[in-house]
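As numbered in the UniProt record's numbering, residues 1 to 203 make up the sequence shown, in order. For glycine and all other residues, C-beta sits at the position ideal for the given N, C-alpha and C. Structure first, commentary second.
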Amino acid sequence: MGTEKSKGFTLYSLSGHVNNPGQFEAPLGITLRELLELAGGVRTGHKLKFWTPGGSSTPMFTDEHLDIPLDYEGVSAAGSMLGTKALQIFDETTCVIRATLRWCEFYKHESCGKCTPCREGTWWLVQMLQDLEDGKGTEADLTKLLDLCDNIAGRSFCALADGAVAPIISSLKYFRDEYLEHQRNGGCPFDPVASTIFKTVGA
Numbered sequence: 001m002g003t004e005k006s007k008g009f010t011l012y013s014l015s016g017h018v019n020n021p022g023q024f025e026a027p028l029g030i031t032l033r034e035l036l037e038l039a040g041g042v043r044t045g046h047k048l049k050f051w052t053p054g055g056s057s058t059p060m061f062t063d064e065h066l067d068i069p070l071d072y073e074g075v076s077a078a079g080s081m082l083g084t085k086a087l088q089i090f091d092e093t094t095c096v097i098r099a100t101l102r103w104c105e106f107y108k109h110e111s112c113g114k115c116t117p118c119r120e121g122t123w124w125l126v127q128m129l130q131d132l133e134d135g136k137g138t139e140a141d142l143t144k145l146l147d148l149c150d151n152i153a154g155r156s157f158c159a160l161a162d163g164a165v166a167p168i169i170s171s172l173k174y175f176r177d178e179y180l181e182h183q184r185n186g187g188c189p190f191d192p193v194a195s196t197i198f199k200t201v202g203a
């Protein structure tokens, strides 16, 4: 079982907007489409928007990546990492900037402060993402954000800084228009309650 280079079984953790979140033992190389079937599908009445193949420190994927083999080679070839195999699933009610900001706030909090790029960089990332979510940023700020990520990645003693920038870079790659929509709208166009368990379909 498994694939030629990634043999055997492993545990995949599915959380977020799935009907039956949990741990699933499956052969390496299974796809998210197949795992979603085991997890009862995306939250009823909604559709997949983006997901992480290996936790928040790995570049995110979209619904275009449903059939990528979830082994080390397949995920790497698609531009991310299998990491912890913590697949976080988000449907269309989720603001990608808000999700990325929340992750970045975690990395800012967890930074030990030893490395200047990480200590100062994660602080600035949070400030910039907050402004962008609030619709205060400009298109030029997206370039600044990527430049900041470039100055942080690979320049700290541990991989925490790399984890902080991974979702930012990938979110801009796949959802740049959503960042711009916040600017045009003068704020976040998403209902913050809609992505929670407290919001029911049609309510």
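Check	Outcome
State the start and end residues of the unbroken beta strand (DSSP E) segment that holds residue 49.	48-52
Just verifying my parser: in three-state terms, what is the DSSP assignment at residue 134?	coil
Compute the Euclidean distance between the alpha carbons of residue 116 and residue 8, then round it to the nearest angstrom.	41 Å
Reducing DSSP to helix, strand and coil, say where residue 41 ends up.	coil
Using DSSP with H/G/I as helix, E/B as strand and the rest coil, what is residue 126?	helix
Would you say residue 36 reaches chain D, if we count a Cβ-Cβ gap shorter than 8 Å as a contact?	Protein chains in the displayed structure number just one, and chain D is not present.
Given that a residue counts as buried once 16 or more other Cβ atoms are within 10 Å of its Cβ, and exposed if not, what is residue 44?	exposed
Enumerate in chain order the residues of its own chain whose CB-to-CB distance from residue 41 is below 8 Å, with the five nearest sequence positions on each side excluded.	18 and 19
Look up residue 27 in the DSSP assignment and say whether it is helix, strand or coil.	strand
Leaving out five residues before and five after residue 155 in sequence, what residues of the same chain have Cβ atoms less than 6 Å from its Cβ?	117
Between residue 109 and residue 143, what straight-line distance do the alpha-carbon atoms span, to the nearest angstrom?	24 Å
Can you have a look at residue 190 and say buried or exposed, based on whether 16 or more other CB atoms are within 10 angstroms of its CB?	buried
Are three or more beta carbon pairs between the stretch 57-74 and the stretch 157-177 nearer than 8 Å?	yes
So is residue 127 buried or exposed if we call it buried at 16+ other beta carbons inside 10 Å?	exposed
With DSSP as the reference, please indicate the residues paired to residue 72 in a beta bridge.	DSSP output for residue 72 lists no bridge partner at all.
Taking the CB atoms as reference points, tell me whether residue 82 and residue 13 lie closer together than 8 Å.	no
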